[in-house]
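Peer 1:
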Amino acid sequence: MPVVPIYTENDTAEAYQLNWSVSLFARTKLPDLANFYVPLQEVTEGDGVRILELVSSNERCVQFLVSTQPCSSPSNIIQAIKGRLQYLIRELDPKAFARNYFISSVGEANCNTLERYVGKQAMRHRMADSVVQSYMENCQFHDNRFDLAQPRISRHGQFLHSLHLVLENDGGWNKIRPEVLQLTLAKIQAIANKKGWLLSRIGLVANHLHILLGADVTESPRGVVLSLMNNLAYAFGMKRIYRPSFYVGTFGSYDRDAIRRKLDLSTATSTNSATDSLPRQCSRSDLSEVTDN
Numbered sequence: 004m005p006v007v008p009i010y011t012e013n014d015t016a017e018a019y020q021l022n023w024s025v026s027l028f029a030r031t032k033l034p035d036l037a038n039f040y041v042p043l044q045e046v047t048e049g050d051g052v053r054i055l056e057l058v059s060s061n062e063r064c065v066q067f068l069v070s071t072q073p074c075s076s077p078s079n080i081i082q083a084i085k086g087r088l089q090y091l092i093r094e095l096d097p098k099a100f101a102r103n104y105f106i107s108s109v110g111e112a113n114c115n116t117l118e119r120y121v122g123k124q125a126m127r128h129r130m131a132d133s134v135v136q137s138y139m140e141n142c143q144f145h146d147n148r149f150d151l152a153q154p155r156i157s158r159h160g161q162f163l164h165s166l167h168l169v170l171e172n173d174g175g176w177n178k179i180r181p182e183v184l185q186l187t188l189a190k191i192q193a194i195a196n197k198k199g200w201l202l203s204r205i206g207l208v209a210n211h212l213h214i215l216l217g218a219d220v221t222e223s224p225r226g227v228v229l230s231l232m233n234n235l236a237y238a239f240g241m242k243r244i245y246r247p248s249f250y251v252g253t254f255g256s257y258d259r260d261a262i263r264r265k266l267d268l269s270t271a272t273s274t275n276s277a278t279d280s281l282p283r284q285c286s287r288s289d290l291s292e293v294t295d296n
């Protein structure tokens, strides 16, 4: 009989902050896109993509800063923006865009900051017992083969899809037995290897964990997290190991402020709010620390 997933999008609460820098390239000189900015914003909202900034950096390149919902993969984002914009300017140029693109995940903090933050989880959440604390410090994971700030190549472009995941133990239980901690690390590594994810770090503490990984261009953040949670439940005998909720955020080589500076906002057409994003489906006060520098 087929395995029924324990965690689904209908019964798993989400907290998220997902931002992306997108570059599209034209075959010929692009028309003035300022007049199409608001219509493009309106039509991409239905695709789960909110355009925060638009800049025509030169005659053959247009760049965007966008916020998305967890259902949108990098490839979905490209399709939504390119397809909708091409339709809007079809009378001026019926085949404006080349097939190549660049999309990069960005976040409140950059890759180096998050690597340090996740790597120090055992020290940030110290245990009262020095023996248990020693176990915790030894139950951390880092694979320096994977640089999550470096773009990868897809069929038609370059992409960076780096995610920060936070899961909390079901029931809020503290798990401190060394064999359980080591088994959890081993299972996560095995799942990441099977899925082809670039698993960079696991910050494991008694009642929750942080994970930094790189996913494929066709995978959505929601799909990655639910797949991990369900595979872990299966690995532990179809038991609900984590609460039916998660946090997922994007990050990359630059933080959002750096991207905005790079886009040169003095010439950009932009939204009114510098922190505008699609609404979170779930918010948890105890997740506020995930963007702490």
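Quick note on numbering: the working numbering labels position 179 of the sequence shown as 182, and the sequence is numbered without any gaps. Backbone N, C-alpha and C define an ideal beta-carbon position, used for all residues, glycine too.
What does the Cβ neighbour count give for V7, buried or exposed, with the cut at 16 atoms within 10 Å?
Peer 2: It is exposed - the Cβ of V7 has fewer than 16 other Cβ atoms within 10 Å.
Peer 1: Which same chain residues, not among the five before or five after Y90, have their C-beta less than 6 Å away from its C-beta?
Peer 2: Around Y90: no qualifying Cβ.
Peer 1: Say whether chain C places a C-beta atom closer than 8 Å to the C-beta of A125.
Peer 2: This model lacks chain C altogether, as it is built from one protein chain only.
Peer 1: Under 8 Å by Cβ, that's how I've got D173 and I84 pegged, so tell me the actual separation to the nearest angstrom.
Peer 2: Rounded, the Cβ-Cβ distance is 38 Å, inconsistent with contact.
Peer 1: Going by DSSP, name the residue or residues bridged to R53.
Peer 2: S70
Peer 1: Using the Cβ count rule (16 or more neighbours within 10 Å means buried), how would you classify I205?
Peer 2: buried
Peer 1: Taking S256 and H164 to be in contact with their CB atoms under 8 Å, please state how far apart those CB atoms are, rounded to whole angstroms.
Peer 2: Contact flag wrong, Cβ pair sits at about 13 Å.
Peer 1: Which two residues bound the contiguous alpha helix (DSSP H) that contains T253?
Peer 2: Note, T253: premise wrong, no alpha helix (DSSP H); beta strand (DSSP E) at S248 to F254.
Peer 1: Identify the residues that DSSP records as bridge partners of V134: which are they?
Peer 2: In the DSSP output, where bridge partners are listed per residue, V134 has none listed.
Peer 1: Using C-beta distances below 7 Å, list every residue in its chain close to P42, excluding the 5 sequence neighbours before and after it, in chain order.
Peer 2: L91
Peer 1: Any idea if G252 is buried or exposed, counting beta-carbon neighbours within 10 angstroms, 16 or more meaning buried?
Peer 2: buried
Peer 1: Kindly list the residues whose CB is nearer than 6 Å to the CB of L229, restricted to its own chain and excluding five residues on each side of it in sequence; keep chain order.
Peer 2: Y10
Peer 1: Where do the ends of the beta strand (DSSP E) carrying N113 lie?
Peer 2: Unbroken run through N113: none, as it is neither H nor E.
Peer 1: What separation, rounded to the nearest whole angstrom, lies between the Cα atoms of A189 and N234?
Peer 2: Looking at the two C-alpha atoms, the distance is approximately 12 Å.
Peer 1: When the distance is taken between beta carbons, is F254 closer than 8 Å to L68?
Peer 2: no
Peer 1: So which of L33, R264 and E48 has the shortest CA-CA distance to C64?
Peer 2: L33
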